[in-house]
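Using the working numbering, you'd call the opening residue of the sequence shown number 1 and step up by one each time. All residues carry an ideal CB built from backbone N, CA and C; glycine is no exception.
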Amino acid sequence: MNWDELRKRIKGSVVTATDPEFAAVKAAMVWNEVKPDRSPDVIVTVNNDDDVVEAINFARKNGLKVVAHGGGHTWCGLAVRNGGMTIDLSKLTESTIDKAKRTASIQPVISNRELARRLGEYDLAFPIGHCPTVKASGYLLSGGMSWNLSEWGPACFSVLAIELVTADGKKVKASTTEHPDLFWAARGCGPGMFAVATRFHLQCYPLPKFIMTSTYFYSLDHLREVVDEVTALGWKMPSMVELSIFLLKAPPELADQCKKNNGKLCMVTAVAFAHTKEEGVAALAILEQGAMVKTCLAKNLNEASNFEKLSDVSGVAWPENHRNLCENQCSKAKPSDILMALRDKIIDAPSAKSVIVFCQSTGQHNLVETREDVAFSMEAQSYGGSWAIWEKPEDDAANLKWQDEVIAIIKPFTNKHYIGETDIVQDNARVQESYTPEKWQKLEKIRAKYDPDGLFFGYLGGTVSSKR
Ligand SMILES: Cc1cc2nc3c(=O)[nH]c(=O)nc-3n(C[C@H](O)[C@H](O)[C@H](O)COP(=O)(O)OP(=O)(O)OC[C@H]3O[C@@H](n4cnc5c(N)ncnc54)[C@H](O)[C@@H]3O)c2cc1C
Numbered sequence: 001m002n003w004d005e006l007r008k009r010i011k012g013s014v015v016t017a018t019d020p021e022f023a024a025v026k027a028a029m030v031w032n033e034v035k036p037d038r039s040p041d042v043i044v045t046v047n048n049d050d051d052v053v054e055a056i057n058f059a060r061k062n063g064l065k066v067v068a069h070g071g072g073h074t075w076c077g078l079a080v081r082n083g084g085m086t087i088d089l090s091k092l093t094e095s096t097i098d099k100a101k102r103t104a105s106i107q108p109v110i111s112n113r114e115l116a117r118r119l120g121e122y123d124l125a126f127p128i129g130h131c132p133t134v135k136a137s138g139y140l141l142s143g144g145m146s147w148n149l150s151e152w153g154p155a156c157f158s159v160l161a162i163e164l165v166t167a168d169g170k171k172v173k174a175s176t177t178e179h180p181d182l183f184w185a186a187r188g189c190g191p192g193m194f195a196v197a198t199r200f201h202l203q204c205y206p207l208p209k210f211i212m213t214s215t216y217f218y219s220l221d222h223l224r225e226v227v228d229e230v231t232a233l234g235w236k237m238p239s240m241v242e243l244s245i246f247l248l249k250a251p252p253e254l255a256d257q258c259k260k261n262n263g264k265l266c267m268v269t270a271v272a273f274a275h276t277k278e279e280g281v282a283a284l285a286i287l288e289q290g291a292m293v294k295t296c297l298a299k300n301l302n303e304a305s306n307f308e309k310l311s312d313v314s315g316v317a318w319p320e321n322h323r324n325l326c327e328n329q330c331s332k333a334k335p336s337d338i339l340m341a342l343r344d345k346i347i348d349a350p351s352a353k354s355v356i357v358f359c360q361s362t363g364q365h366n367l368v369e370t371r372e373d374v375a376f377s378m379e380a381q382s383y384g385g386s387w388a389i390w391e392k393p394e395d396d397a398a399n400l401k402w403q404d405e406v407i408a409i410i411k412p413f414t415n416k417h418y419i420g421e422t423d424i425v426q427d428n429a430r431v432q433e434s435y436t437p438e439k440w441q442k443l444e445k446i447r448a449k450y451d452p453d454g455l456f457f458g459y460l461g462g463t464v465s466s467k468r
């Protein structure tokens with residue numbers, strides 16, 4: 001392979017499997033400390049869209065398969081495949097914001113925290129994801145299970161257009177009027193994407209100035225009653241409230257009271273994305289209407305927040321430099337049935353950092369609703385899952401076993417997997433189980449049109465596309 005030819009043609013850098021820095025560059029392609037047992041032939045870090053075109057043309061000419069690397073945050077390290085070329089987009093971080101039109105045009109590798117910060121300067125907001133360091137790139141392509149989901153919908157509903165480089169090395173813009181099929185696919189296709197997205201055009205919203213949080217801590221002894229009450233009250237709350245039920249380790253001040261349950265408890269959080277203080281206080285007060293609220297171990301009401309603080313809190317729950325396994329789906333089952341089935345698993349979790357979370361419906365409609373004009377297919381009244389989070393490699397076996405057991409319990413409750421956070425390496429069937437059969441067929445037809453020779457790796461494993 002004449003790598004120097006590629007080096008001459010691009011402004012960015014080319015690191016091949018025989019270069020001394022390769023191992024470090026490859027490790028940096030995956031946020032999770034559980035690194036995949038896979039290795040590309042070359043990692044091309046691009047400086048601009050023209051570099052993407054050159055890299056794709058070089059790969060096609062030389063028989064290399066291609067995958068894009070956005071932020072490296074897929075839990076199972078999907079930006080690293082066996083052989084072929086990883087096109088690293090991490091230098092594409094620019095944005096322009098139009099306050100009057102409430103739109104933004106962003107390159108793909110801007111983090112949730114940074115996007116919220118940039119938009120906040122213009123009194124605007126976008127449905128960003130929950131964790132601070134996750135980048136827009138794969139998040140938007142997967143659908144985007146965002147903050148304020150019930151009000152704003154999945155992030156891909158607020159994408160107005162996407163600029164991409166296709167397998168034939170052409171730059172195209174996809175929107176409802178240009179390449180509408182590609183635009184449909186790119187809003188939900190996630191890690192199976194068959195073109196490189198280099199820019200997203202976003203619809204933004206007025207910044208909610210009074211983001212407020214109420215948090216309740218409950219003993220796991222009353223889990224069913226608490227979940228039934230909280231989810232019933234959720235239907236009475238306005239859709240600008242994000243309502244979540246966590247099973248996790250108790251904060252230090254409540255550890256003694258939770259000894260019987262191995263130091264674990266149930267935490268209910270309600271985040272109001274309000275525009276006035278009164279609106280936020282009234283929305284959160286609905287959680288005080290139940291009878292179980294009197295049994296809570298502790299509560300913090302109406303705490304002032306903002307996207308920066310929300311990012312901080314999520315960053316603590318899903319810390320950097322840890323080993324992780326994740327499974328995330330949506331469910332039409334009764335939330336208390338799901339959480340009761342998982343109750344003993346959180347008590348027995350080998351790592352105290354592991355967490356189970358399900359977000360619940362508010363606003364008199366299902367929390368996750370899909371639309372015909374996007375590939376994203378999730379639809380249900382609650383979504384969430386389990387995250388095994390630990391530090392030491394010697395604890396891998398125990399945590400893998402735990403996660404497997406949790407997944408086996410959740411499986412019967414699963415309506416659809418979330419393609420952005422399901423472990424398709426462990427079980428490739430989850431790829432198709434993330435879509436309706438009709439949408440899956442349509443997706444594969446569009447893939448065949450735009451990538452007829454299978455230049456892009458597509459989903460990992462034994463799906464239609466990777467068999468090509
Ligand atoms: C701590 C943490 C918290 C998370 N929280 C949320 C959350 O709140 N909501 C949510 O929806 N998701 C969440 N996720 C999941 C995350 O959004 C997805 O895993 C997403 O795919 C990560 O994007 P990435 O650019 O980092 O992907 P990468 O790992 O870089 O890439 C993964 C795959 O995506 C495709 N891809 C990525 N970028 C491009 C591009 N520009 N063009 C073409 N293909 C591309 C490629 O096929 C690649 O194989 C979280 C993940 C982590 C680790």
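Those residues which DSSP pairs with residue i across a bridge
i    : result
V355 : W387
K260 : DSSP, once it has assigned bridges, lists no residue as partnering K260.
D88  : T45 and H69
Y205 : A125
T96  : S105
E327 : S386
Q360 : L243 and S382
M161 : The displayed chain sequence assigns Ala, not Met, to residue 161. Bridge partners of A161: H201.
L111 : Checking the sequence, you will find Ser at residue 111 rather than Leu. Beta-bridge pairing links S111 to K135.
Burial state of residue i, where buried means 16 or more other Cβ atoms lie within 10 Å
i    : result
T276 : exposed
H130 : buried
R81  : buried
A380 : buried
H417 : buried
G462 : For G462, the pLDDT reaches just 40, beneath the cut-off of 50, and the residue's location in the model is therefore unreliable, leaving the point undetermined.
P154 : buried
M1   : exposed
P36  : buried
Q360 : buried
T166 : buried
As assigned by DSSP and simplified to three states, the class of residue i
i    : result
S13  : strand
P335 : helix
A167 : coil
T463 : Note that T463 scores 36 on pLDDT, short of 50, meaning its location in the model is unreliable and no value can be drawn from it.
K173 : strand
K135 : strand
C266 : strand
F376 : coil
V80  : coil
V368 : strand
F457 : coil
D19  : coil
R468 : With a pLDDT of only 20 at R468, under 50, the local geometry of the prediction cannot be trusted, and the value read off the model is given with reservation. In this structure, R468 counts as coil in the three-state DSSP scheme.
M340 : helix
W147 : coil
K449 : helix
Backbone CA spacing between residue i and residue j [nearest angstrom]
i    : j    : result
V355 : R60  : 43 Å
A317 : K345 : 18 Å
S311 : V159 : 22 Å
F200 : V313 : 27 Å
L254 : K299 : 11 Å
C76  : F194 : 19 Å
I409 : I419 : 19 Å
A24  : V226 : 47 Å
D123 : V172 : 31 Å
K467 : F456 : With a pLDDT of 27 at K467, under the threshold of 50, the modelled position of that residue is not reliable, and the figure given next carries that caveat. Taking the straight line from one Cα to the other gives about 12 Å.
G363 : F210 : 18 Å
A186 : L297 : 45 Å
F476 : L141 : One cannot answer for residue 476 here, as it falls past the ends of the chain, which runs 1 to 468.
N57  : A68  : 14 Å
M85  : E394 : 32 Å
V34  : K101 : 42 Å
K135 : M145 : 13 Å
K260 : K411 : 28 Å
R113 : C326 : 21 Å
D373 : D348 : 43 Å
N48  : I110 : 15 Å
S13  : K236 : 54 Å
Q: Mind listing, in chain order, the continuous alpha helix (DSSP H) runs of no fewer than 4 residues lying wholly within the region 272 to 319?
A: 277 to 285 and 307 to 317
Q. Which whole runs of the alpha helix (DSSP H) in the region 178 to 253 are 4 residues long or more, in chain order?
A. 180 to 186 and 223 to 234
Q: Taking only runs that begin and end inside the region 409 to 434, name each unbroken beta strand (DSSP E) of 3 or more residues, in chain order.
A: none
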